[in-house]
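Counting with this note's numbering, you get residues 10 to 149 for the letters of the sequence shown.
Each residue gets a CB set at the ideal place from its N, CA and C atoms; glycine is no exception.
Let me begin by presenting the structure, written as C-alpha cells, before commenting on it.
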Amino acid sequence: MKFLVLNGVNLNMTGRREPSVYGGETPESINEELRIFCAEHGHGAEFFQSNSEGELCTQIQNAEGVYDGVVLNAGAYTHYSYALRDAIASVRVPVVEVHLSNIFAREEFRRKSVLTEVCAGAVLGFGKNSYKLALESFWL
Ligand code: DQA
C-alpha cells in the first residue's frame, strides 16, 4: 500500500517550537523514520507539509485513487477548518487524524476537532508514534 503523510500549519516548525509539547525531532527525521517504518512492512509513504489550508485541501482531493490512506496532522486547522473537513468528506480515501500532543489535555480551544467526525479514526498524544500507530491502522 501507499500512504500520504500530510502535515498542516506550523508542523514545519516541529523540533524548534515548544519541544516540551511537540518533541525535539525535526520533521525530516520523523518523516525518515516513518518512511523506514512503512518500508519494513512492505509499504510506501510520501510526505507533504503546507501552512496553507487550500493546499492541504488540494492534496486531500488529489489523494483519491493515488493513496490507500492519508495520515493527517492538520495542526491548528483541526479546530476550525470546515474547508478541510469538507475535503475529507469529499473523497473515498480513508483519512486518519493525528496529533503529536493530547489535544484533550490542553487548552479549551484545542479540545474540539471539526475533522474527527469525517475521519476513519484518530490517534493523539503519543508524539511521533501517533503517526506510526495511524499508519499501522491501515494494515493491521
Ligand atoms: C497539533 C495540536 C494542535 O492543537 C496544534 O495547533 C498543532 C499541533 C499536534 O500535533 O499536537 O499545531 O496538531
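| query | When you compare only the Cα positions, how much space is there between residue 153 and residue 125? | reply | Lying outside 10 to 149, the shown extent of the chain, residue 153 is not represented and no answer is given.
| query | When the Cα of residue 113 is compared with those of 99, 87 and 21, which residue comes out closest? | reply | Position 104 of the sequence shown, counted from the first residue, corresponds to residue 113. When each option's Cα is compared against that of residue 113, the closest is 87.
| said: What residue range does the beta strand (DSSP E) around residue 71 cover? | reply: Counting from one through the sequence shown, the residue named residue 71 turns up at place 62. Run containing residue 71: none in the beta strand (DSSP E); it sits in the alpha helix (DSSP H), 62 to 72.
| request: Quick one: grab the DSSP three-state call for residue 21. | output: The residue given as residue 21 occupies position 12 in the sequence shown. Reduced to three states, the DSSP call for residue 21 is helix.
| request: Using the Cα positions of residue 34 and residue 82, report the straight-line distance between them to the nearest angstrom. | output: The residue given as residue 34 occupies position 25 in the sequence shown. The residue given as residue 82 occupies position 73 in the sequence shown. In this structure, the CA atom of residue 34 is about 16 Å from the CA atom of residue 82.
| task | Can you tell me which of the three DSSP states residue 83 falls into? | result | Taking the first residue of the sequence shown as position 1, residue 83 is located at position 74. Three-state result, residue 83: coil.
| query | What's the C-alpha gap between residue 47 and residue 140? | reply | Against the sequence shown, residue 47 aligns to sequence position 38. Against the sequence shown, residue 140 aligns to sequence position 131. Cα to Cα, the separation comes out at about 11 Å.
| message | Looking at the ligand DQA, does it come within less than 7 Å of residue 87, judged from the CB to the closest heavy atom? | response | Numbered from its first residue, the sequence shown carries residue 87 at position 78. Taking the Cβ of residue 87 as the reference point, at least one heavy atom of the ligand DQA falls within a distance shorter than 7 Å.
| query | What are the partner residues of residue 116, as DSSP defines its beta bridges? | reply | Translated into positions along the sequence shown, residue 116 becomes position 107. For residue 116, which the question treats as bridged, DSSP gives no partner whatsoever.
| said: Quick check: the Cα distance between residue 148 and residue 13, rounded to an integer number of angstroms? | reply: Residue numbering aside, residue 148 sits at position 139 when the sequence shown is read from its first letter. Residue numbering aside, residue 13 sits at position 4 when the sequence shown is read from its first letter. Taking the straight line joining both Cα atoms gives about 14 Å.
| Helix, strand or coil for residue 121 per DSSP? | Residue 121 sits at position 112 when you count from the first residue of the sequence shown. If DSSP states are grouped into helix, strand and coil, residue 121 belongs with coil.
| field | Opening and closing residue of the alpha helix (DSSP H) in which residue 111 lies | value | Start at 1 with the first residue of the sequence shown, and residue 111 comes out as number 102. Secondary structure note for residue 111: it is in no alpha helix (DSSP H), with a DSSP letter that is neither H nor E.
| request: Would you mind sorting residue 90 into buried or exposed? The rule is 16 or more other CB atoms within 10 Å of its CB. | output: Residue 90 sits at position 81 when you count from the first residue of the sequence shown. Residue 90 is classed as buried because its beta carbon has at least 16 other beta carbons within 10 Å across all chains shown.
| task | Just mark residue 99 as buried or exposed, buried being the case when its beta carbon has 16 or more other beta carbons within 10 Å. | result | On the sequence shown, position 90 is the one that residue 99 refers to. Exposed, because fewer than 16 other Cβ atoms sit within 10 Å of the Cβ of residue 99.
| field | Identified DSSP bridge partners for residue 141 | value | Working through the sequence shown from its first residue, we reach residue 141 at position 132. Beta-bridge pairing links residue 141 to no other residue.
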